[in-house]
Amino acid sequence: MTDAYKGRRRPGENRRRLVEAGLVEFGLYGYHGTSTGRIAARADVPQPHLYANFSSKRALLLACAEDSIERLCALTEASGASPEDLLLLVQLIAAMPDNEVGPAIAPLIHELSDLYGPTEFTLLTQLGVTALLAHGSDVSSAPAESSG
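Residue numbers 1461 to 1608, in my numbering, belong to the letters of the sequence shown in order.
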């Protein structure tokens, strides 16, 4: 095996890394507070590879949302949700009024709400807000970047 080959990732791994990084970045900073550069850096993937996998930042957000909502729908109890999924849920709810991403996000949130019911969905969102508050110092110290 050559050195050049050792450094290559398996097909789909960059995409997976970008979704995982997007989950964290969008969860902490929201859609408009997150840059594709920061997502690519967190994923340890060159930024052009982000656009090779996703047509836009919006497409990456929707992939993250679908991945996260799918995991949350598979849970039997809200308390089993990962902090990253909870953080993203809060940011997705906050982004629902946004004209750019809201129309695509709203059906996912409603699906999750219908699945959990009002009491458990409220618990899920409360856990998300608690997780966001726990990361408050991380959010306030985030570098200011453009949202592109």
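We put the CB at the ideal spot given by N, CA and C, even for glycine.
Residues near residue i by beta carbon distance below 7 Å, same chain, minus five either side
i, result
"Thr1462", "Its pLDDT being 40, under 50, Thr1462 is placed unreliably by the model, and nothing is read from it."
"Ile1565", "Ala1525, Leu1552, Ala1555 and Met1556"
"Thr1496", "Gln1507, Leu1510, Lys1517 and Gly1608"
Nearest candidate by alpha-carbon position, reference residue i, set the options
i, options, result
"Leu1592", "Asp1545, Ala1564, Pro1578 and Glu1560", "Asp1545"
"Cys1533", "Arg1502, His1570 and Thr1494", "His1570"
"Leu1575", "Leu1535, Asp1558, Leu1548 and Leu1547", "Leu1535"
Alpha-carbon spacing of residue i relative to residue j, whole angstroms
i, j, result
"Leu1478", "Leu1522", "12 Å"
"Leu1583", "Ala1538", "7 Å"
"Tyr1489", "Arg1470", "29 Å"
"Gly1562", "Leu1587", "22 Å"
"Pro1567", "Ser1516", "20 Å"
"Ala1512", "Ala1519", "12 Å"
"His1595", "Gly1487", "10 Å"
"Val1589", "Arg1502", "23 Å"
"Glu1613", "Gly1493", "Since the displayed the chain opens at 1461 and closes at 1608, residue 1613 lies outside it and no answer follows."
Neighbourhood of residue i by C-beta distance below 8 Å, restricted to the same chain and skipping five residues each side
i, result
"Ala1500", "Leu1478, Ala1481, Pro1506, Gln1507, His1509 and Leu1510"
"Ser1573", "Phe1581"
As assigned by DSSP and simplified to three states, the class of residue i
i, result
"Tyr1489", "helix"
"Arg1469", "coil"
"Asp1504", "coil"
"Glu1537", "coil"
"Pro1557", "coil"
"Thr1496", "helix"
"Ser1516", "coil"
* To do: Note down, one range per segment and in chain order, each alpha helix (DSSP H) of at least 4 residues found wholly within the stretch 1559 to 1600.
  => 1562 to 1594 and 1596 to 1600
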